[in-house]
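All residue numbers for the sequence shown refer to the numbering used here, where the first residue is 3 and numbers rise by one. Where a beta carbon is used, it is the ideal one built from N, C-alpha and C, also for glycine.
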Amino acid sequence: MKPSQGPTIDASTDQLIHDVLAAGLTLLLIGFGVRGVLRLLQRSRPGLAIGVPVALAVALRIFAAAGVSLTPLAPGLRGGDEVLFAQQSAAIAHSSLASSEWASALTGKLYEFVIAVQARLLDSPDFALRLTEIGIAVLGLALLATAVYDLVGGRAAVIAAWMLAAEPSGIFFSSLLHKESNMFLAEGLVAFGGARMWKRGDLASLPILALGCLIAVATRPYAGWFLIAAAAAITLHAGLRATRRGEVSSLGLIAVVVLLGAISAPVVWQASSHQNLEQTVQASQDSNASDSANLSLEKVDFSTRGAVITNLPVRAWDITFKPYLWQLGSPSQRLGAIGGLVTLVVLALLGSALVRRRGEIFARAGPLVYLLAFLLAAYSLSTGNAGTGFRYRSHLLAVALCLLAAVRIWRAEREVASVPRALPDALPAARGYARS
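Now the structure itself:
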């Protein structure tokens with residue numbers, strides 16, 4: 003008789019075990035990471051009760067990523083960029099740690115660097131990579147909600163966190179192996195640092211703003227430059243506000259902005275020359291607008307500084323409202339339309355608040371206004387078709403939701419708070435009327 007042999011594990015089973023362990027470890031890391039950041043934020047903000055909506059944000063994005071992966075429509079819904087980024091990240095992961103590929107990815111393609119690190123350390127499967135993207139994006143959303151807390155208070159922050167957690171386009175795009183998660187984090191850092199700067203007017207907020215801008219520049223450079231401009235505008239405005247209050251730190255803030263402007267002005271002027279605009283912005287517009295598969299938008303002229311100023315509102319309208327419902331021709335476009343409907347509702351509510359409290363909104367939520375305006379300009383310049391427009395609009399919508407929560411809830415709290423002060427004056431007259 004032949005000796006009995008123990009059970010063997012084939013290669014597919016071994017790979018399955020590895021994938022499950024890698025995904026489980028990644029989930030633990032992002033769970034403890036997000037929880038740790040929340041506890042750090044709550045240490046000095048006892049009313050920041052956003053733990054439940056943040057946990058829901060993670061759960062919804064995980065379920066959505068798993069659900070999309072199980073459908074045959076997944077490649078079409080997520081687009082082809084994922085495959086390219088995964089291939090380039092794998093090449094980086096297999097290169098020497100001392101090679102230039104790692105350094106260039108860290109400074110110019112941070113999204114590929116993040117994927118490459120996981121491939122190098124854990125040989126992470128597709129789903130584990132998506133878990134990391136979800137963790138990064140949710141961190142950014144938590145920082146956005148915290149910025150609302152710093153600006154107007156705890157109730158508005160909780161409302162903002164719930165809306166950010168449940169917003170459909172944010173749920174979908176947060177799990178892409180793309181640039182979106184890094185940009186959510188960058189925008190959250192700029193909003194958070196800007197809110198601190200707005201309320202405290204101190205130089206300690208500058209490193210937070212700088213970190214957000216660096217992440218953006220290393221991920222999506224053109225958007226990063228606009229985030230730098232937003233951070234500079236917030237800092238300058240905060241410095242002027244502090245000057246009116248007589249704070250000494252205001253001079254330091256204004257000096258920082260002036261120095262930054264002096265350094266960057268030549269670079270910005272050269273980047274906006276006719277030749278550079280023609281080779282970069284206009285070339286990107288022409289390429290994206292010719293992509294009929296992604297529902298191309300009408301071509302616009304961004305080849306000169308004057309043309310940018312003239313045509314930017316046209317593209318801003320496109321990224322906000324297009325494609326119209328009757329233009330949708332594929333499952334991915336119909337999915338993107340959900341975010342468009344949410345955008346219309348948010349704009350209607352924001353418009354109502356802006357009309358009623360236009361003199362007070364900027365004083366309370368100025369950093370969010372600056373951030374939304376500069377992001378709208380950045381993404382309007384680079385959008386040429388609905389495919390990219392859907393992704394870019396998710397970032398604008400996240401900031402708009404925070405602005406909506408800050409404006410509407412703050413206004414409601416002011417109206418409620420004004421009622422008790424009027425009651426004591428009315429009570430004596432009411433008692434006299436009752437006795438008569």
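- The distance from the Cβ of Ala400 to that of Gly172 is about 6 Å, consistent with a contact at the 8 Å cut-off.
- In the three-state DSSP reduction, Ser384 falls in the helix class (H, G or I).
- Residue nearest to Gly81 within the set His180, Leu131, Val409 and Gly342 is His180 (criterion: CA-CA distance).
- Comparing alpha-carbon positions, the option among Ala375, Leu191, Pro170 and Thr109 lying closest to Leu145 turns out to be Leu191.
- Pro127 is not a Cβ neighbour of Ala61, given a cutoff of 8 Å.
- At the C-beta level, Ala158 and Ala408 come within 8 Å of one another.
- In the DSSP secondary-structure assignment, Ser298 is bridged to Asn387.
- Counting the other CB atoms within 10 Å of its CB gives Trp164 a total of 16 or more, which places it among the buried residues.
- Within the segment 156 to 195, complete alpha helix (DSSP H) segments of at least 4 residues are found at 156 to 168 and 170 to 175, given in chain order.
- Where Arg132 is concerned, the enclosing alpha helix (DSSP H) starts and stops at Asp128 to Val154.
- Put simply, the backbone Cα of Val140 is about 31 Å away from that of Arg243.
- Secondary structure remark: continuous alpha helix (DSSP H) runs of at least 4 residues inside the segment 61 to 114, in chain order: 76 to 80, 83 to 95 and 102 to 110.
- No Cβ-Cβ contact shorter than 8 Å links Ala92 with Thr28.
- Remark: C-beta atoms of Met199 and Thr237 approach each other more closely than 8 Å.
- A residue is called buried once 16 or more other Cβ atoms fall within 10 Å of its Cβ, and Val219 is buried on that count.
- In this structure Ser177 is in contact with Arg132, their Cβ atoms being roughly 4 Å apart against a cut-off of 8 Å.
- Here Leu374 really is in contact with Leu405; their C-beta atoms are around 6 Å apart, less than 8 Å.
- When the beta-carbon positions are compared, Ala232 and Phe65 stay at least 8 Å from each other.
- If you draw a 10 Å sphere on the C-beta of Leu211, you find 16 or more other C-beta atoms in it, and that means buried.
- Out of Tyr394, Gly35 and Arg410, the CA that lies nearest to the CA of Arg222 is found in Tyr394.
- Counting only residues of its own chain and dropping the five nearest sequence neighbours on each side, Ile411 has a CB closer than 6 Å to the CB of Arg157, Ala158 and Ile161.
- Straight through space, the alpha carbons of Val56 and Leu370 are spaced by roughly 20 Å.
- Secondary structure note for Arg47: it is in no alpha helix (DSSP H), with a DSSP letter that is neither H nor E.
- Non-local beta-carbon contacts of Val316 in its own chain, meaning distances under 7 Å to residues more than five positions away in sequence, involve Val302 in chain order.
- The Cβ-Cβ distance between Leu187 and Ile138 falls below 8 Å.
- For the pair Ile321 and Pro170, the CB atoms are not nearer than the 8 Å cut-off.
- Cα atoms of Phe174 and Arg63: separation of roughly 7 Å, rounded to the nearest angstrom.
- Residue state for Asp204 is assigned as coil, using DSSP reduced to three classes.
- Shown here for Gly53: same chain residues with a beta carbon closer than 7 Å to its own, the five before and five after excluded, namely Leu40 in chain order.
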